[in-house]
Amino acid sequence: MRASDYIEQAWTNLWKKKLRTFLTTGGVVIGIGALVCMFAFGQGVQRNIRDQFNDLELFNYINVYPAHSTGPAGADFDPDSPEGHAPRASAAASQQKVEVLDDEFLGELTQIEGVEAAFPEMRFPAQIRLGDEEQFTLVQVVTAQACRSELVQLRAGAPYAGDEPNEVMVSDSILRRLGVKQPDSAVGREIEVRTIILDFRLASLIRMAFGRGDQRLPISDQRYTFTVVGVIERMGFGGPLPIRSDVFLPPGAARRMRKLVLTGLSDLFRPPEKTAGYSTVTVKVTSTNKVAPVKARLEERGLRTFALMDHMEQMQKGFIIMDMFLLAVGMIGITVASLGIVNTMVMSILERYREIGVMKAVGATDGDVQRIFLVESGLIGLLGGVFGLALAWVVSFVINQVVNGFTAREGVPFIQYFSFPWWLCLGGIGFSVLVSLIAGIYPTRRAARVDPVVALRHD
Amino acid sequence: MNGDGFIQVQDLTKVYSLGSVEVVALRNATLSVDRGQFVGVTGTSGSGKSTLMNLLGGLDRPSSGSIRVDGRRISDLSKAELALFRRHTVGMIFQSFNLVASYSALENVAFPLLFAGVAKKERIHRAAELLHLVGLGARLNHRPTELSGGEQQRVAIARALANRPRILLADEPTGNLDSRTSQQIVRLLADLRAERGLTVVMISHEEALLREFADRMVYLQDGAVVSQETLRGGP
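Here it is as structure tokens:
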């Protein structure tokens, strides 16, 4: 028999029993529709997360801390992972341990193969005043070069012209807190940055000694005036990115300022040689496969590192578990649908018992008979798969519209919650055909084994 | 027996088991059919006629003994080889016609060509030709239920001829037909035999009808061949 004849034969037979075919295929359509919908949702979630990570090149960053520091919260992301801790004593002793993250070290850092850029992190507490509104925040020193990179998304204005001028960039979120609704309106305005300084002048010491008011520490403040040149979008999450503050100023300007560099109270308890240098340096590597070698080099030098890349595997595991769960739920529908196929095929074969006898009498082999029915079964699967895919698409479209309709009121931008990669579409149809063929094995074997003498007996 | 022994049946025995009881349907049957002969097989109900027919047609296998067709032992063929034997060497006709009810006359006749791997266009062409041959040229697209018994049997004959077999086996082809139609059907078989050089083996309990057309008669009783009689010298 020709392949085209099998298909035509199967199609004709299914068409003859329209209602039964429709109902059986309907079961498959719902089963496959549910399964594909589940998977498409899982894929959508994973795609949204991955895209966000990839857009920011989040996997290309490594945070570097001196071995003795506890580091910011991010450094202790996963205390069980060995990467989070200082390297073992076995680490190459040939190289000198790095104790302080200073400019000299930064120079060495950029020489390491695979390192694209290094961003020292320097933040200091300051009081910000814009007009009549004041906010307390950590001010970050960021080079003009970093401000012009893809790390910074401008909402208004421009990055500062160089590393020297008294210019700042602020985030849209702190502007809101300072009572400014339109980012544009802040550009060009003057902003006052008040730093904390240790004041050992006589007057201050006397004030402290005699305890006037609540002034107990030898602390004073220093005011500086800057011009707002740009407004940037605040990153949703700090993570390993080197930009994580609300106010940014250039290094040259920062050097001219008197300030107390404290990122936490714990810094007060450290010996001064250990608070020297930068608390963190963020390294950007040229590609994700450079993360591991660069990390290894840094750890040899006695430094602690953190890269999101290390957590990729865990994330993947999470995705797989999610997919498995969705698959398990989706399989319920498929199982029910496949029982429907078995039932339909058994019924069909009983009805066409005599016809099977005729097939054999006119020269059909057992294989011919089995294939005729198996193709019918597979065709149910194919139709179910194609229409199931269409159903999944329609359902996901409706859910997407409804959910986005609700979240739009909260100001959330439109999110595509479902994703239909090509392999899911082809896989859905392929799986449907496969399940149908498996469901058809038992009934079609029965058909192939029909004894023509019995089937053709005239009674 | 003189002749070429185109079909040679030797000590053919078929035993069915019905539960614990064994039924001997055919007992050491021996007969020979020459090329181009029209052989009538008759006997009472349960004499083993249909069993003989199923064995000759390759639908069933003997318990012992052998069948040779053109020198080939078909009783030793595998299941798949038997299917090919049925497809190309024999055409079968049954008492109850055994047409596929949902197919038109044309589709029924074209059905065997499907398994032979004949292209669709050729299938339709050949089926139409055969229906013209059996006198149903005007009824190609009728379904079996829209045809009379005689017409249905003609469709079945056309179907049996589809793959150009050399042997035509007819199992009580007139059992469901009136005497006038029966006469016409057997005449058609006899004519086809002459036109196409077919070898025809027809089973019937209507001895008189068989004697009118057959070259030779074989009498069965309780599964055994009790006598044979040559009526005429053949075509």
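So the protein sequences, as listed, match chains A and B. Quick note: the first sequence uses the working numbering, first residue 388, plus one each step. Quick note: the second sequence uses the working numbering, first residue 332, plus one each step. All residues carry an ideal CB built from backbone N, CA and C; glycine is no exception. Keep in mind it's a predicted model, so treat the numbers as computed, not measured.
State yes or no: is the beta carbon of B/Leu445 nearer than 8 Å to at least one beta carbon in chain A?
-> The count along the second sequence starts at 1 and reaches residue 445 of chain B at position 114. So yes, B/Leu445 belongs to the interface.
Touch test, the stretch 634-649 of chain A against the stretch 506-514 of chain A, Cβ-Cβ under 8 Å, three pairs minimum: yes
Worksheet entry | A/Leu410 classed as buried or exposed, judged by whether at least 16 other C-beta atoms fall within 10 angstroms | Here residue 410 of chain A refers to the residue found at position 23 of the first sequence. Under this definition A/Leu410 is an exposed residue.
Check your understanding: DSSP on B/Ser435, reduced to helix/strand/coil?
Key -> In the second sequence, the residue the question calls residue 435 of chain B occupies position 104. Reduced to three states, the DSSP call for B/Ser435 is coil.
Inter-residue Cα distance where the pair is A/Thr412 and A/Ile767 | Counted from its first residue, the first sequence places residue 412 of chain A at position 25. Counted from its first residue, the first sequence places residue 767 of chain A at position 380. A/Thr412 and A/Ile767: Cα-Cα distance of roughly 6 Å.
- Based on Cα-Cα distance, which residue from A/Asp442, A/Glu577, A/Val502 lies nearest to A/Val539? As a first step, residue 539 of chain A must be located in the first sequence, where it is residue number 152. Of A/Asp442, A/Glu577, A/Val502, the residue nearest in Cα terms is A/Asp442.
Rounded to the nearest angstrom, what separates A/Gly414 and A/Met718 at their Cα positions?
Against the first sequence, residue 414 of chain A aligns to sequence position 27. Against the first sequence, residue 718 of chain A aligns to sequence position 331. Distance between the alpha carbons of A/Gly414 and A/Met718: 13 Å.
According to DSSP, simplified to helix, strand and coil, what is A/Phe807?
Along the first sequence, read from residue 1 onward, the residue named residue 807 of chain A stands at position 420. It is coil, neither helix nor strand.
### Message
I need the straight-line Cα distance from B/Ala411 to A/Ile816, nearest angstrom please.
### Response
Taking the first residue of the second sequence as position 1, residue 411 of chain B is located at position 80. Taking the first residue of the first sequence as position 1, residue 816 of chain A is located at position 429. Roughly 34 Å separates the two Cα atoms.
I'd like to know whether the C-beta of B/Gly448 is nearer than 8 Å to at least one C-beta of chain A. By 1-based counting over the second sequence, the position of residue 448 of chain B is 117. By this cut-off, B/Gly448 is an interface position.
*Assumed close pair A/Val555, A/Val634 - CB separation to whole angstroms, cut-off 8 Å*: Stepping through the first sequence from its first residue, residue 555 of chain A is reached at position 168. Stepping through the first sequence from its first residue, residue 634 of chain A is reached at position 247. Sure, about 6 Å apart at Cβ, within 8 Å.
Quick test of your reading: B/Ala493 and B/Val532, contact by CB under 8 Å. State the CB separation rounded to the nearest angstrom. Looking up residue 493 of chain B in the second sequence gives position 162. Looking up residue 532 of chain B in the second sequence gives position 201. So it is not a contact: roughly 18 Å between Cβ atoms.
TODO: Helix, strand or coil for A/Met556, going by three-state DSSP, please let me know.
DONE: Here the question's residue 556 of chain A lines up with position 169 in the first sequence. In this structure, A/Met556 counts as strand in the three-state DSSP scheme.
message: So that I know if they touch, is there some Cβ in chain B lying closer than 8 Å to that of A/Ala834?
response: Walking along the first sequence from the start, residue 834 of chain A turns up at place 447. Not an interface residue.
*If you compare alpha carbons, which of A/Asp755, A/Asp608, A/Ala715 is closest to A/Gly429?*
To locate residue 429 of chain A, count along the first sequence from 1; it is residue 42. The option with the nearest alpha carbon to A/Gly429 is A/Ala715.
Every unbroken alpha helix (DSSP H) within the stretch 714-796 of chain A, with a cutoff of 4 residues, ordered by chain: 740-748, 753-795
- In chain A, which residues lie with their C-beta within 9 Å of the C-beta of B/Leu415? Taking the first residue of the second sequence as 1, we reach residue 415 of chain B at position 84. Those are Gly750, Thr752, listed as they occur along chain A.
* Asked: Where DSSP assigns a beta bridge to B/Met533, which residues make up the other side?
  -> The sequence position of residue 533 of chain B within the second sequence is 202, counting from 1. Per DSSP, B/Gly371, B/Ala501.
- Counting along the chain, where does the beta strand (DSSP E) carrying B/Gln339 start and finish? As a position in the second sequence, residue 339 of chain B is number 8, starting the count at 1. It spans 338-349 - the beta strand (DSSP E) in which B/Gln339 sits, taken as one unbroken run.
- Task: For A/Val840, return the contacting residues in chain B, with the cut-off set at a CB-CB distance below 8 Å.
- Result: On the first sequence, position 453 is the one that residue 840 of chain A refers to. Within chain B, the residues near A/Val840 are Asn385, Leu390, Asp391.
Q) Whose Cβ in chain B lies nearer than 9 Å to the Cβ of A/Met388? A) For this step, residue 388 of chain A is matched to residue 1 along the first sequence. Result: Leu445, Phe446, Ala447, Gly448.
Exposed or buried, what is A/Phe793 when buried is set at 16 or more other beta-carbons lying within 10 Å of its beta-carbon?
Against the first sequence, residue 793 of chain A aligns to sequence position 406. So A/Phe793 ends up on the exposed side.
Subject >> Limits of the alpha helix (DSSP H) - the one that A/Asp442 falls within >> reply: Position 55 of the first sequence, counting from 1, holds the residue named residue 442 of chain A. Its alpha helix (DSSP H) spans residues 405-442.
Check your understanding: B/Ser433 versus chain A: which residues are under 8 Å apart at the beta carbon?
Key -> Taking the first residue of the second sequence as position 1, residue 433 of chain B is located at position 102. Those within 8 Å of B/Ser433 in chain A are Lys403.
query: Looking at chain B, which residues of the stretch 787-801 of chain A have a Cβ within less than 9 Å of any of its Cβ atoms?
result: none
_Does any residue of chain B have a CB that is nearer than 8 Å to the CB of A/Glu742?_
Position 355 of the first sequence, counted from the first residue, corresponds to residue 742 of chain A. It does; some Cβ of chain B falls within 8 Å.
Review point. Smallest Cα separation from A/Pro546: which of A/Ser632, A/Val423, A/Ala531?
Key: Looking up residue 546 of chain A in the first sequence gives position 159. When only C-alpha atoms are compared, the closest one is A/Ala531.
To the nearest angstrom, how far is it from the Cα of A/Leu422 to the Cα of A/Phe712?
In the first sequence, residue 422 of chain A corresponds to position 35, counting from 1. In the first sequence, residue 712 of chain A corresponds to position 325, counting from 1. Taking the straight line joining both Cα atoms gives about 11 Å.
Exercise for review: Please name the residue, chosen from A/Asp392, A/Tyr829, A/Leu445, A/Met388, that lies closest to A/Asp697 on a Cα-to-Cα basis.
Suggested key: Looking up residue 697 of chain A in the first sequence gives position 310. That would be A/Leu445, whose Cα lies nearest to the Cα of A/Asp697.
If you pair each beta-carbon of the stretch 436-451 of chain B with each one of the stretch 510-525 of chain B, do three or more pairs fall below 8 Å?
no
Counting only C-beta atoms, is B/Ala501 closer than 8 Å to chain A at any point? Residue mapping note: residue 501 of chain B aligns to position 170 of the second sequence, counting from 1. False, the Cβ-Cβ gap to chain A never drops below 8 Å.
What's the C-alpha gap between B/Val400 and A/Leu813?
Numbered from its first residue, the second sequence carries residue 400 of chain B at position 69. Numbered from its first residue, the first sequence carries residue 813 of chain A at position 426. B/Val400 and A/Leu813: Cα-Cα distance of roughly 52 Å.
For A/Ile707 and A/Leu647, believed in contact at Cβ under 8 Å, the rounded distance = Translated into positions along the first sequence, residue 647 of chain A becomes position 260. Translated into positions along the first sequence, residue 707 of chain A becomes position 320. Their Cβ separation, rounded to whole angstroms, is 48 Å, which puts A/Leu647 and A/Ile707 out of contact at 8 Å.
| task | Assign A/Ser468 to one of three DSSP states: helix, strand, or coil. | result | Looking up residue 468 of chain A in the first sequence gives position 81. Unreliable placement is indicated for A/Ser468, whose pLDDT of 41 sits below 50; no coordinate value is reported for it.
Can you tell me which residues form a DSSP beta bridge with A/Lys671? Within the first sequence, the letter at position 284 stands for residue 671 of chain A. Answer by DSSP bridge pairing, in chain order: A/Tyr448, A/Ala504.
Practice prompt. At 3 residues or longer, and completely inside the stretch 412-485 of chain B: list those beta strand (DSSP E) runs for me, N to C.
Written response: 421-424
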